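Per the working numbering, residue 3 is the first one in the sequence shown, and the count goes up by one each step. All C-beta atoms in this analysis are idealised placements derived from N, C-alpha and C, irrespective of residue type, glycine included. Small disclaimer: the values here were computed from a predicted structure and weren't measured.
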Amino acid sequence: MNHQLEVKKTIEITASLMEVWHALTDRETVKKYFFGTEAISDWEEGSPLVFRGEWEGKSYEDKGTILEAIPGEMLKYDYWSGFSGLEDKPENYSVVTYTLEQSVDGTIVELRQKGFAGEEALAHAEGGWAMVLDNLKKLLETYS
């Protein structure tokens with residue numbers, strides 16, 4: 003696991019900080035923009051986080067722990083995916099951080115994921131996060 007490899011994406015969404023926060027932490031809302039994935043947690047620091055779904059006909063259950071959660075400001079968790087091909091042990095977890103900042107027109111969302119098995123995994127995550135954030139923007143701007 004290379005903990006120097008990092009994805010960084012930023013998008014502006016015409017929605018309030020708390021609308022974006024709700025979308026990041028509500029199980030049913032997450033499913034709407036994150037490829038049908040369920041995100042299961044109580045979103046409290048130290049609590050488990052489980053991502054459950056199906057990708058290309060294959061069921062999966064990825065996991066992590068909430069490292070920091072400040073409603074309307076920041077969500078940080080560690081993350082392990084069985085798709086990584088790496089053993090489920092602490093050094094094989096990446097860290098995902100969403101930072102929310104109020105803007106004139108809504109909310110700026112910065113997403114960072116740090117720690118990947120290699121360049122191929124990094125490239126896959128780059129594309130995946132771009133789609134997720136675009137889906138999140140479309141969802142919130144359609145319903146807000």
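- Looking from the CA of Glu75, the closest CA among Arg29, Ile42, Lys33, Glu21 belongs to Glu21.
- Annotation: the continuous alpha helix (DSSP H) that includes Glu30 extends over 29-35.
- Gly66 counts as buried, since at least 16 other C-beta atoms from the protein chains shown sit within 10 angstroms of its C-beta.
- The three-state secondary structure of Ser43, taken from DSSP, is coil.
- Here Asp107 is not near Ser83, since their CB atoms are 8 Å or more apart.
- Bridge pairing for Met76: Ile72, Thr101 [DSSP].
- Distance check between Glu103 and each of Asn4, His5, Trp23 places Trp23 closest, using alpha-carbon atoms only.
- Nearest C-alpha to Val9 among Ala125, Val134, Lys33, Glu143: Ala125.
- The residue among Lys139, Ser18, Lys11, Glu93 with its C-alpha nearest the C-alpha of Thr109 is Ser18.
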